[in-house]
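Number of protein chains: 2
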Amino acid sequence: MNFTTIAVDALGGDFAPSAVLDGVALALQRDAHLRVALCGPADVVEPFAASASAQGRVNAVVTTEEIAMDESDPARAVRNKKDASMVVAARLVKEGVAQGFISAGSTAACLVAGTLVVGRIRGVQRPTLAVVLPGKRPVVLADTGANADCKPEYLLQFAQMGRAYSSSILGVENPSVALLNIGSEEGKGSELAKEAQILMREQTANFIGNVEGRDILEGKADVIVTDGFTGNVVLKTLEGSLSFLLGKLKSIFMSTPITKLAALTLKGKFRELKLELDPEQYGAAPLLGTKGLCLVAHGSSSPEAIANGILVGAKAVRNDVIEKITIAIQQHSIAASTQTKEQAE
Amino acid sequence: MNFTTIAVDALGGDFAPSAVLDGVALALQRDAHLRVALCGPADVVEPFAASASAQGRVNAVVTTEEIAMDESDPARAVRNKKDASMVVAARLVKEGVAQGFISAGSTAACLVAGTLVVGRIRGVQRPTLAVVLPGKRPVVLADTGANADCKPEYLLQFAQMGRAYSSSILGVENPSVALLNIGSEEGKGSELAKEAQILMREQTANFIGNVEGRDILEGKADVIVTDGFTGNVVLKTLEGSLSFLLGKLKSIFMSTPITKLAALTLKGKFRELKLELDPEQYGAAPLLGTKGLCLVAHGSSSPEAIANGILVGAKAVRNDVIEKITIAIQQHSIAASTQTKEQAE
Numbered sequence: 000m001n002f003t004t005i006a007v008d009a010l011g012g013d014f015a016p017s018a019v020l021d022g023v024a025l026a027l028q029r030d031a032h033l034r035v036a037l038c039g040p041a042d043v044v045e046p047f048a049a050s051a052s053a054q055g056r057v058n059a060v061v062t063t064e065e066i067a068m069d070e071s072d073p074a075r076a077v078r079n080k081k082d083a084s085m086v087v088a089a090r091l092v093k094e095g096v097a098q099g100f101i102s103a104g105s106t107a108a109c110l111v112a113g114t115l116v117v118g119r120i121r122g123v124q125r126p127t128l129a130v131v132l133p134g135k136r137p138v139v140l141a142d143t144g145a146n147a148d149c150k151p152e153y154l155l156q157f158a159q160m161g162r163a164y165s166s167s168i169l170g171v172e173n174p175s176v177a178l179l180n181i182g183s184e185e186g187k188g189s190e191l192a193k194e195a196q197i198l199m200r201e202q203t204a205n206f207i208g209n210v211e212g213r214d215i216l217e218g219k220a221d222v223i224v225t226d227g228f229t230g231n232v233v234l235k236t237l238e239g240s241l242s243f244l245l246g247k248l249k250s251i252f253m254s255t256p257i258t259k260l261a262a263l264t265l266k267g268k269f270r271e272l273k274l275e276l277d278p279e280q281y282g283a284a285p286l287l288g289t290k291g292l293c294l295v296a297h298g299s300s301s302p303e304a305i306a307n308g309i310l311v312g313a314k315a316v317r318n319d320v321i322e323k324i325t326i327a328i329q330q331h332s333i334a335a336s337t338q339t340k341e342q343a344e
Numbered sequence: 000m001n002f003t004t005i006a007v008d009a010l011g012g013d014f015a016p017s018a019v020l021d022g023v024a025l026a027l028q029r030d031a032h033l034r035v036a037l038c039g040p041a042d043v044v045e046p047f048a049a050s051a052s053a054q055g056r057v058n059a060v061v062t063t064e065e066i067a068m069d070e071s072d073p074a075r076a077v078r079n080k081k082d083a084s085m086v087v088a089a090r091l092v093k094e095g096v097a098q099g100f101i102s103a104g105s106t107a108a109c110l111v112a113g114t115l116v117v118g119r120i121r122g123v124q125r126p127t128l129a130v131v132l133p134g135k136r137p138v139v140l141a142d143t144g145a146n147a148d149c150k151p152e153y154l155l156q157f158a159q160m161g162r163a164y165s166s167s168i169l170g171v172e173n174p175s176v177a178l179l180n181i182g183s184e185e186g187k188g189s190e191l192a193k194e195a196q197i198l199m200r201e202q203t204a205n206f207i208g209n210v211e212g213r214d215i216l217e218g219k220a221d222v223i224v225t226d227g228f229t230g231n232v233v234l235k236t237l238e239g240s241l242s243f244l245l246g247k248l249k250s251i252f253m254s255t256p257i258t259k260l261a262a263l264t265l266k267g268k269f270r271e272l273k274l275e276l277d278p279e280q281y282g283a284a285p286l287l288g289t290k291g292l293c294l295v296a297h298g299s300s301s302p303e304a305i306a307n308g309i310l311v312g313a314k315a316v317r318n319d320v321i322e323k324i325t326i327a328i329q330q331h332s333i334a335a336s337t338q339t340k341e342q343a344e
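Residue numbers (numbering that gives the first Met the number 0), protein chains in the order written: chain F, 0 to 344; chain Z, 0 to 344.
The structure is reproduced here in structure tokens:
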């Protein structure tokens with residue numbers, strides 16, 4: 000087995016660089032075929048690369064600039080700060096030195112770096128930020144915020160790219176796809192959802208139709224597509240409602256000596272549940288549709304989340320996610336152009 | 000105190016007419032100043048009006064038609080079936096015989112009946128379907144599905160109508176308003192959210208800016224506005240995630256004899272939590288912006304939900320929700336026309 004190299008932005012995130020370095024160390028421990036190109040200031044990346052944690056599999060890439068978490072104009076920052084750790088990490092992917100990059104820095108800047116520096120796969124109109132959600136079975140939700148305003152054709156491509164990711168990461172054969180909508184019946188929805196439905200019925204493999212918000216965790220589809228505004232709101236609503244309910248449970252358990260005792264007997268089971276619902280198990284959200292994998296980690300990522308992000312990214316690369324997306328988009332372009340030709344004739 | 004009359008569609012809902020009749024009986028028990036105009040077939044409404052449950056405060060309104068739950072063209076059904084129980088209930092509101100109507104029938108038909116039969120308040124561009132969500136404090140979310148595609152001005156009016164409802168039903172003075180968005184910073188979002196933000200900053204009283212999905216249950220604002228597509232998806236995502244998590248808890252509690260015992264000690268507390276989160280406590284979603292209150296109950300409404308819908312509706316009427324909305328919309332129209340004049344000068 001060859002090595003897979005992931006470029007890591009040492010500076011991104013609320014707890015950088017320590018959470019990032021600890022995450023890299025964990026990932027290297029768990030994956031013997033992983034190499035890391037660690038991008039950041041000399042005093043951060045050089046000592047780490049030389050340390051025992053690096054196991055001789057970390058290449059220190061010294062950078063001199065940094066993109067701030069709250070960069071007001073992320074596109075300009077990515078263009079101007081050519082030696083920022085995030086931009087250099089993206090460039091390593093473009094140059095083929097690394098097969099993917101991960102950053103817990105500004106999400107907006109990360110999306111720009113992916114799209115502009117790594118570059119789109121030919122035929123991809125808009126790369127999409129996907130997330131794997133827990134539930135009765137894991138589901139790939141796309142888009143979760145890369146594209147606040149969408150055209151129906153974008154959603155069609157999100158479905159194709161989501162299918163490629165589902166099969167690469169979760170091993171699902173012929174993943175089913177649903178459109179997030181406000182009614183399950185055909186013809187329902189906003190103008191966007193109505194048009195996307197028609198396109199998807201014609202052109203998306205294993206399209207099962209509309210699903211509603213209440214179906215997301217029910218495992219009705221392997222891939223659920225929506226525009227980035229709705230997807231982002233859904234993702235954060237799920238986060239919010241789970242943490243609200245877990246908070247409520249905690250206060251119930253803490254209310255009396257008897258409930259505290261009851262809580263003790265349930266502790267193990269609750270730990271399992273929290274793990275099962277933990278968004279950190281997939282560590283980072285992949286930007287799909289770029290020529291190498293871009294992994295957007297949460298700003299508050301723990302070392303575990305960073306490690307999982309790196310490992311999931313490496314797995315996706317080994318399972319040829321980029322090739323799968325490229326083929327899916329090409330096949331579709333050919334089908335669409337044949338169709339246009341037929342219509343013209 | 001005068002009587003408040005609510006017109007009730009006896010035929011709407013999955014468990015009609017029995018759930019509806021039981022709900023009416025409950026509501027009459029709890030509210031001595033309530034009258035009901037019960038619309039439906041003679042063999043349903045006449046015996047009930049004459050029964051002890053009606054307490055002499057139910058007026059039987061015999062109707063001969065019915066709107067199906069899955070009516071494929073709800074607008075045509077409402078126009079054509081002039082003697083359908085739902086349409087007659089709406090007409091009683093238009094004629095001033097009742098101050099509001101409730102139906103657990105087809106939501107789409109109910110929205111049409113509200114807008115076309117009861118009629119919009121002058122100046123209201125689009126009536127909005129609001130819902131009161133539980134959380135750290137109750138929050139009015141609008142729109143939750145009446146308008147899948149929105150213009151920024153609609154959202155501005157949803158805010159005004161939501162404020163009127165919040166103060167009428169929840170007794171909030173000067174309710175705060177937030178825009179549901181994909182980032183808390185100014186300038187974030189889809190084109191719609193960006194434009195709505197600008198309008199709301201200028202024209203919405205007590206506007207606190209953007210909130211994200213994770214803030215919905217956190218009680219950050221009294222009223223949260225969004226387009227009907229996003230709002231509907233959010234509402235159903237919340238429903239889905241709460242029921243998913245409660246299901247998980249149940250299976251944890253049932254897993255061993257010890258956890259069953261632990262569950263017993265927590266039973267009372269869990270019952271309280273379920274009640275607290277129960278959407279049925281507000282019983283029905285009000286359509287705001289029509290000349291009388293239209294209450295859209297869930298198709299699967301229990302008698303408790305129907306009763307609460309009627310009682311909440313009666314309370315809103317007594318607290319002058321319609322007048323409050325009318326004044327808010329008029330004031331805004333005057334302000335907007337003054338502004339336009341000033342700009343022209």
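Ideal placement from N, C-alpha and C gives every residue a C-beta, glycine not left out.
Z:I223 places its beta carbon 9 angstroms or farther from that of Z:V295. Legend: CB atoms of the region 254-283 of chain F lying less than 9 angstroms from CB atoms of chain Z belong to residues S254, T255, I257, T258, L260, A261, A262, L263, T264, L265, K268, F269, E271, L272, E275, L276. Classified as buried, F:L37 has 16 or more neighbouring CB atoms from the shown chains inside 10 Å of its CB. In this structure, F:R119 sits near F:K290, with a CB-CB distance shorter than 9 angstroms.
It is roughly 18 angstroms from the alpha-carbon of Z:E217 to the alpha-carbon of Z:V232. Residue pairing for Z:E64: DSSP places it in a beta bridge opposite Z:A83. The alpha carbon of F:S301 has as its nearest neighbour, out of F:A26, F:I5, F:F2, F:T3, the alpha carbon of F:A26.
Per DSSP, the continuous alpha helix (DSSP H) segment holding Z:G312 begins and ends at 302-317. F:A15 and Z:G230 have their C-alpha atoms roughly 36 angstroms apart.
By the Cβ rule, the region 243-259 of chain F does not count as touching the region 103-119 of chain F, because fewer than three pairs are nearer than 8 angstroms. Secondary structure at Z:A31: coil, using DSSP grouped into helix, strand and coil.
For F:V222, DSSP records a beta bridge to F:V139, F:V176. Beta-bridge annotation (DSSP): Z:G39 is paired with Z:V61. At a cut-off of 9 angstroms between C-beta atoms, Z:G188 counts as an interface residue with respect to chain F. A direct Cα-Cα distance of roughly 10 angstroms separates Z:R317 from Z:F2. Rounded to whole angstroms, Z:F243 and F:G134 show a C-alpha spacing of 8 angstroms. Z:A147 places its beta carbon 9 angstroms or farther from that of Z:F269.
Close to Z:L179, with beta-carbon spacing below 8 angstroms, are these residues of chain F in chain order: V232.
The beta carbon of Z:A192 falls within 9 angstroms of a beta carbon belonging to chain F, placing the residue at that interface.
The C-beta distance from F:L155 to F:Q202 rounds to 6 angstroms, short enough to meet the 8 angstroms contact threshold. F:R213 belongs to the set of residues whose beta carbon lies under 9 angstroms from a beta carbon in chain Z.
With a threshold of 9 angstroms between beta carbons, F:D221 makes no contact with chain Z. Along the region 70-96 of chain Z, there is no position whose C-beta sits under 7 angstroms from a C-beta of chain F. Beta-carbon to beta-carbon, F:A306 and F:G22 are separated by about 4 angstroms, close enough to satisfy the 8 angstroms threshold. For Z:T127, no CB of chain F lies under 9 angstroms from its own CB, so it is not counted at the interface with that chain.
The straight-line gap separating the alpha-carbon atoms of F:Q196 and F:G161 is approximately 16 angstroms. Residues of chain F with a Cβ closer than 7 angstroms to the Cβ of Z:A296 do not exist, since the nearest Cβ in that chain sits about 17 angstroms away. Within 9 angstroms of the CB of F:K323, no CB atom of chain Z is found; the nearest one sits about 28 angstroms away. Here F:I326 is exposed: its Cβ has fewer than 16 other Cβ atoms, across all protein chains shown, within 10 Å. Distance from Z:T236 to F:I215 at the Cβ level is roughly 6 angstroms; contact confirmed, criterion being Cβ atoms closer than 8 angstroms.
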